[in-house]
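Number of protein chains: 2
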Amino acid sequence: RLALPVFAADPVSSVAWATQEILVILALGGTALLVLAPEVALAVCVVIAIVVVSYGPLVRAYPGGGGSFAVASRNLGPRAGLVAAASLLVDYTLTVAVAVAAAVDNLVSALPVLDDGRIPLAVASVLVVAAVNLRGRREAGWSAMVPVYGFVLAVAVLVTVGLVRWAGGEGPVAVSADFDVDRGTDLTAVALALVVLRAFASGGAALAGVDATANGVPAFRAPKGRNAAVTLLAVGGLSIALIAGVVTLAVVSGVTVTRDPCDLQGLPVPCEEYTQQSVLTQLSQAVFGAGSVGAVLVTVATVLALLTAANSAFNGFPLLAATLAEAGYLPRQLARRGDRLAYSNGILALSLGAVTMLLVLEARVGPLLDLYLIGLFTSFTLAQLGMVRHWRLRQGRSRRTRRWVPRLGTAVAAVAATCTGLTLLVLVVAKVPNGAWATLLVVAALGVGMHRVRGHYDLVSRETAIPADEAPETMPARVHAVVLVSRLHRPTTRALAYARATRPSTLEAVTVAVDQEAARELSEEWARRKVPVPLRVLDSPYREVAKPLVEHVKAVRAKGPRDAVTVFLPEYVVAHWWEAVLHNRSNLWLRARLAATPGVMVVSVPYQLRSSIEEGDLAARAAADRSLVQEASRAGAADRDIERHP
Amino acid sequence: RLALPVFAADPVSSVAWATQEILVILALGGTALLVLAPEVALAVCVVIAIVVVSYGPLVRAYPGGGGSFAVASRNLGPRAGLVAAASLLVDYTLTVAVAVAAAVDNLVSALPVLDDGRIPLAVASVLVVAAVNLRGRREAGWSAMVPVYGFVLAVAVLVTVGLVRWAGGEGPVAVSADFDVDRGTDLTAVALALVVLRAFASGGAALAGVDATANGVPAFRAPKGRNAAVTLLAVGGLSIALIAGVVTLAVVSGVTVTRDPCDLQGLPVPCEEYTQQSVLTQLSQAVFGAGSVGAVLVTVATVLALLTAANSAFNGFPLLAATLAEAGYLPRQLARRGDRLAYSNGILALSLGAVTMLLVLEARVGPLLDLYLIGLFTSFTLAQLGMVRHWRLRQGRSRRTRRWVPRLGTAVAAVAATCTGLTLLVLVVAKVPNGAWATLLVVAALGVGMHRVRGHYDLVSRETAIPADEAPETMPARVHAVVLVSRLHRPTTRALAYARATRPSTLEAVTVAVDQEAARELSEEWARRKVPVPLRVLDSPYREVAKPLVEHVKAVRAKGPRDAVTVFLPEYVVAHWWEAVLHNRSNLWLRARLAATPGVMVVSVPYQLRSSIEEGDLAARAAADRSLVQEASRAGAADRDIERHP
Ligand SMILES: [K+]
Ligand SMILES: [K+]
Ligand SMILES: [K+]
Ligand SMILES: [K+]
Ligand SMILES: [K+]
Ligand SMILES: [K+]
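In the order they appear, the protein sequences are chains A and B. Each residue of the first sequence is one higher than the one before, starting from 2 at the first, in my numbering. Each residue of the second sequence is one higher than the one before, starting from 2 at the first, in my numbering.
Following this line, the structure appears as structure tokens:
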């Protein structure tokens, strides 16, 4: 089964930061609160179990994928769906940011000299993962297996060895076991309770990957729903076992960690110079010894698993974005699962978001998690509420003897919704420092934005739809060709020849006299060379090109409102981007102005400069040019039916 | 005479920083070297006099403007001309940076609380001056008059009052009179000599504006050359008088300034907290009293004059860039004097350069001047060498009795060239710290870049020129129309109708099956609606649009190499930029790929969404639509001569 490691990377590697965060948040209440760590971890494990169980029916009911977005929008309406979708987009971004920040944190724990390089290391990691994904991701299944199973194995051995030694009376002692936390005496009972609940919520963030699995159902082998549900159970079981083991070991070995090392007492050096080690690093060094092979292996396995988790978000985000874009909520550039360009756009958007988060929050796991929690529990709660609704609707339609299925489903979903909803409530009440409102704002802005994008596409779709009984669009009565000319050179004569080939009703060359002198010279050369198309000179008192041309086009069309005007623009095709800067610049503005004028077609007649053509094509062009000349001398000009513009 | 204040702003306001820089550089050699200030100032005045006199014949000989670029390229060849041009472009940029930095320096001297805001103040000043110039510059002459005459008057009164008081025995005493400079004892005689020469060169930078005047000759009233020469003499005389006066007053009142306040001894506070005042601020406070109306007026006049100098560069730079662009050395977007867009582009380029310099060198006058000097004296020397050549060539052609004119001219130019060339040599030998090589690199890169741009334009021009005896470009034998379709909606039917109106030899609609499902639905709807144009579905195994289409176009053209293919692209026209993001994105890449394919025309058929059309136009469009429908029911389809693609 390749699916397990791919989807397990995110929730399983979360153990690395979730266990640590339970201890860090509890430490906000002082050393005394740390004794509650096992209880909080137990609560987290229970919630994971409930959510995993409740997601089983969800993935079976929605084998098309989409997770909380699909469930919420189908059962709770499009608004709830949009909120869920916005939360999910933000969550994917933060999954990358948190996983990468945690990976760097574990790396720095093992190699403290890298402490000053956290931000560049994190940003570089995101860019590397993005680059790997941009180049293709055929072997995602296999490449996820080693890090995920390696991480599970490493932590399992660590916990087993550690607990066996503890049972034998020689328990491991963490480097931070003697530190004290200088806090807590001044907190009220309510504040302390909120701290405990927040620790529980932070640990519960380990659930994040569950929703990604629900989103990814279509990637499973058939029977998809069943396989996805089994995978979820396996992932949930693994997560629970690892969290329980790591927290127990952390408590017995006395690990003490805080967000800010200056909150610790008993440090060997001034707190500004002290680099705190991650929980897993402290445990592995306590059990296997600092610098031992075992400790190094645990760090390597943790870093790789976390990077694999970040990578899994790079698989999921473009798929979700494509789903949303297909539903008209995001720009079409992101649309269609499997479209290479859309996939690249999704990866770029995700990288940009994750790098921004890492830069703003200085690649610190804690503040990133604060942002993460609100969005995460919003989408969980919406998904579970959706499932409650889903089962209610089924209850009426099922056979009498099978009524217990929807009833049980409703009960499970209701319990899960209550758990996640209460957690969300706690987070909002505790006003997760700095994080909550920023996340809510971004989710709201994303939701409103997606709503407006959909509105625009709907409007355009209604406006451009053709009623079944409508007469077909009629052809313009006559087509007037206008060739914009600035000099008399090959690009111009090619444009003239092509314009004549389209056999317009009228044909004229037009030049805008930005420079009077140059315009007069052009007129003279035009006459001298006897160009068989009349040249009209448009005045330009303000030295503009677009305005006089647009006005002329409107004047031509005013004579026949059912006519169309074709404006031919000679254009250079060059080989290098820097050459492109040297040509055709004014055309962009001109094209926009012309496009906004009704009844106009804008024709680019490219002239390929030699440097832009490959060797083989050059020979072909020379041959074509020769045959054109022969043809011309044989047949003469074939422009009988062109009536000249007066 | 309005010309005087406009061109005087730059050289006259230079007095503010040039006098200060003489003292600052001399202080590098210790307090003792400051006694040489009058001698250095005298040498500077002599050089100014020589250069101003030698520029008289130059502006008379080149009334078309262009200054050292014109003189060097005509007399010394295009390479020398390019070096002069590159130096001038860099000099204009540094004129803005130095003037603005000096203005901020004088402002901060009067209001030391602003000391931490130097960089933002300088950047904001550049942006304000740029914005004013972008909006138009009709009143440049009048608006320059008040600041320039105000500055001259303020400094003249300051010097007069100060020297009169000194003569009366009650000389003013500068706030820095008691400071000592902690340097110099360890310098060798050669090093001391170099310091003195560098002080001389820094003071000589006050010449900068002279070349700008030579560039601006066309802006003078007739007789242009004569008026420009007279203006130059007046400006030179003013500059000499002001420099002599300010330096004398500075010496008698004991002004002591250094680049770094920590080089000073005897400061009342730690040097990190001490804000040095500019020479003019110190003098005005010594003569009129700190906080007096007189001192405030001097500061205001100085700041305004310096900003006017920066503004004058904004007048000159776009003109020089236009001259260079007309000669093919810069992109065409900068070309044509008087073209509004070119003028805006020039202002943007200058602002960008000046802001970059200010940010990199933290808005400090000294380091900016180091960059300035090399470029400045390079262009001066080239101009004077050009004039030597110019007079030599004339010597042979003039009448015997008038031979003294070219001989005198040669002598003056030779003396001036020697002065500026020796200064340049000193600067290169002294390796002006940090500045010299950066400037040389930028000048070289600009020169090579302009050479390559010109080379590209020349190549294109040769390649696209039409020999007089060549047969006119023949029309393509047949035109095949291909309409790219993704859905069947109004933009598509409009594109089909327009394509039919151009009466192509063959016509087909083409859809690229990026999504098999969508392509099948489109085919079915196409058949159901009985669209009178055949639809071809192109396979796209890699979900690309451009490649299958380009290959199809090549295949169509392969059947008739003398044929042309017209590709019609339906396009949306929207009202807001954010809506544009939602449409037509893939067209950019597609257009580029199609344009690189020989024998192709690319036609945009814009479909204006209602929101993009103004009220009046909407009514007109409704009327046109009605008449189209009537016309259609009356006449029926008029597409007799379209032979369908097999
Ligand atoms: K961690
Ligand atoms: K996670
Ligand atoms: K996730
Ligand atoms: K100054
Ligand atoms: K200057
Ligand atoms: K200048």
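C-beta atoms are modelled at their ideal positions from N, C-alpha and C, and glycine is treated no differently.
**Prompt:** H646 of chain B CB to nearest chain A CB: under 9 Å?
**Reply:** Reliability of the predicted coordinates at H646 of chain B is poor, the pLDDT of 39 falling under 50, and the value obtained from them is presented with this limitation in mind. With 9 Å as the cut-off, H646 of chain B does not count as an interface residue toward chain A.
**Residues sharing a beta bridge with A514 of chain A, DSSP** = Looking at the DSSP assignment, A514 of chain A forms a beta bridge with A:D540.
**Prompt:** Can you list, in chain order, the residues of the stretch 503–533 of chain B whose Cβ is nearer than 7 Å to any Cβ on chain A?
**Reply:** The stretch 503–533 of chain B vs chain A, Cβ under 7 Å: T503, R504, V515, D516.
**Message:** Just checking S177 of chain A against ligand 8 - is the residue's beta carbon closer than 8 Å to any of the ligand's heavy atoms?
**Reply:** Among the ligands present in this structure, namely ligand 1, ligand 2, ligand 3, ligand 4, ligand 5 and ligand 6, ligand 8 is not found.
**Prompt:** If contact means a Cβ-Cβ distance below 8 Å, which residues of the stretch 536–567 of chain A contact chain B?
**Reply:** Residues of the stretch 536–567 of chain A that bring their beta carbon within less than 8 Å of a beta carbon in chain B comprise Y543, R544, E545, P562, R563, A565, T567, in sequence order.
**Message:** Taking CB distances under 9 Å as the criterion, tell me whether H452 of chain A reaches chain B.
**Reply:** Between H452 of chain A and chain B, the shortest Cβ-Cβ separation is not below 9 Å.
**Asked** Under three-state DSSP, which class holds V566 of chain A?
**Response** V566 of chain A falls in the strand class under three-state DSSP.
**Item:** Inter-stretch contact at 8 Å, needing at least 3 Cβ pairs: the stretch 542–560 of chain A / the stretch 503–520 of chain A
**Value:** With the cut-off at 8 Å, the stretch 542–560 of chain A and the stretch 503–520 of chain A touch.
**Listed by chain order, chain A residues near A86 of chain B by CB distance under 7 Å** = What A86 of chain B touches in chain A: nothing, since even the nearest Cβ is about 17 Å away.
**Message:** Suppose you measure from the CA of V97 of chain A to the CA of L485 of chain A; what does that come to, to the nearest Å?
**Reply:** Computed Cα separation, rounded: 52 Å.
**Message:** I'd like to know if A322 of chain B contacts chain A, where contact means its C-beta is closer than 9 Å to some C-beta of that chain.
**Reply:** A322 of chain B does not count as touching chain A.
**Asked** Going by the beta-carbon positions, is the gap between L77 of chain B and L305 of chain B smaller than 9 Å?
**Response** At a Cβ-Cβ threshold of 9 Å, L77 of chain B and L305 of chain B do not count as neighbours.
**Asked** What does a CB cutoff of less than 6 Å around A213 of chain B pick up in its chain, not counting 5 residues either side in sequence?
**Response** If we look at A213 of chain B and ignore the five residues flanking it on each side, its Cβ neighbours are D11, G317.
**Contact list for S345 of chain B against chain A, beta-carbon separation under 9 Å** = None at all; the shortest Cβ gap to chain A is about 12 Å.
**Prompt:** Does any CB atom of chain B fall closer than 9 Å to the CB of Y458 of chain A?
**Reply:** At least one beta carbon of chain B lies nearer than 9 Å to the beta carbon of Y458 of chain A.
**Asked** If we ignore side chains and look at the alpha-carbon of each, how far apart do D667 of chain A and A206 of chain A end up?
**Response** Lying before the first or after the last residue shown, residue 667 of chain A is absent from chain A, which here runs from 2 to 647.
**Message:** Taking 8 Å as the cut-off, does the stretch 436–450 of chain A touch the stretch 409–426 of chain A (at least 3 CB pairs, one atom from each stretch)?
**Reply:** Verdict: no, contact absent.
**Message:** For the beta strand (DSSP E) containing S605 of chain A, name the first residue and the last one.
**Reply:** Run containing S605 of chain A: 601–609, per the beta strand (DSSP E) assignment.
**Item:** Which residues DSSP lists as bridging L335 of chain B, in chain order
**Value:** Partner(s): none; L335 of chain B has no beta bridge.
**Message:** So with CB distances below 7 Å, who are the chain A contacts of Y499 of chain B?
**Reply:** Correct list: P477, A565, M602.
**Request:** Return no unless some Cβ of chain A is closer than 9 Å to the Cβ of I244 of chain B.
**Result:** Taking a beta-carbon distance threshold of 9 Å, I244 of chain B does not count as an interface residue toward chain A.
**Asked** Roughly how many angstroms separate the alpha carbons of T189 of chain A and V196 of chain A, rounded to a whole number?
**Response** For T189 of chain A and V196 of chain A, the gap between their C-alpha atoms comes out near 11 Å.
**Request:** Please look up how many angstroms separate the CB atoms of L34 of chain A and L193 of chain A, rounded, as I've assumed it's under 8 Å.
**Result:** Contact flag correct, Cβ pair sits at about 7 Å.
**Message:** My output table needs one value for V109 of chain B: the three-state DSSP class, helix, strand or coil.
**Reply:** For V109 of chain B, the three-state secondary structure derived from DSSP is helix.
**Asked** What is the DSSP secondary structure of L508 of chain A, reduced to helix, strand or coil?
**Response** The answer is strand: DSSP assigns L508 of chain A an E or B state.
**Request:** Pull up the distance between the alpha-carbon of M358 of chain B and that of V101 of chain B, whole angstroms please.
**Result:** Our two residues, M358 of chain B and V101 of chain B, have alpha carbons roughly 11 Å apart in a direct line.
**Prompt:** If we ignore side chains and look at the alpha-carbon of each, how far apart do D261 of chain A and V130 of chain A end up?
**Reply:** Going from the Cα of D261 of chain A to the Cα of V130 of chain A covers about 29 Å.
**Asked** Of all the options B:L298, B:V45, B:S352, which has the alpha carbon lying nearest to the alpha carbon of L108 of chain B?
**Response** By alpha-carbon distance to L108 of chain B, the top candidate from B:L298, B:V45, B:S352 is B:L298.
**Message:** If we define contact as Cβ-Cβ less than 9 Å, is Q283 of chain B a contact residue for chain A?
**Reply:** Cβ-Cβ to chain A under 9 Å: no for Q283 of chain B.
**Message:** Counting only C-beta atoms, is Q286 of chain A closer than 9 Å to chain B at any point?
**Reply:** Contact of Q286 of chain A with chain B is not assigned, every C-beta pair being separated by 9 Å or more.
**Prompt:** Do you know offhand how far L497 of chain A's Cα is from S313 of chain B's?
**Reply:** If I take the Cα positions, the gap works out to 45 Å.
**Item:** Every unbroken alpha helix (DSSP H) within the stretch 186–238 of chain B, with a cutoff of 4 residues, ordered by chain
**Value:** At a cut-off of 4 residues, the continuous stretches assigned as alpha helix (DSSP H) that sit fully inside the stretch 186–238 of chain B are 190–205, 209–216.
**Any chain A beta carbon closer than 9 Å to P1 of chain B** = Beyond the ends of chain B as shown, which are 2 and 647, falls residue 1 of chain B; an answer cannot be given.
**Request:** Could you tell me the boundaries of the beta strand (DSSP E) in which L485 of chain A lies?
**Result:** Where L485 of chain A is concerned, the enclosing beta strand (DSSP E) stretches over 480–485.
**CB contact below 9 Å: I23 of chain A versus chain B** = Judged by the 9 Å Cβ criterion, I23 of chain A is not in contact with chain B.
**Cβ of Y330 of chain B within 9 Å of any chain A Cβ** = Not an interface residue.
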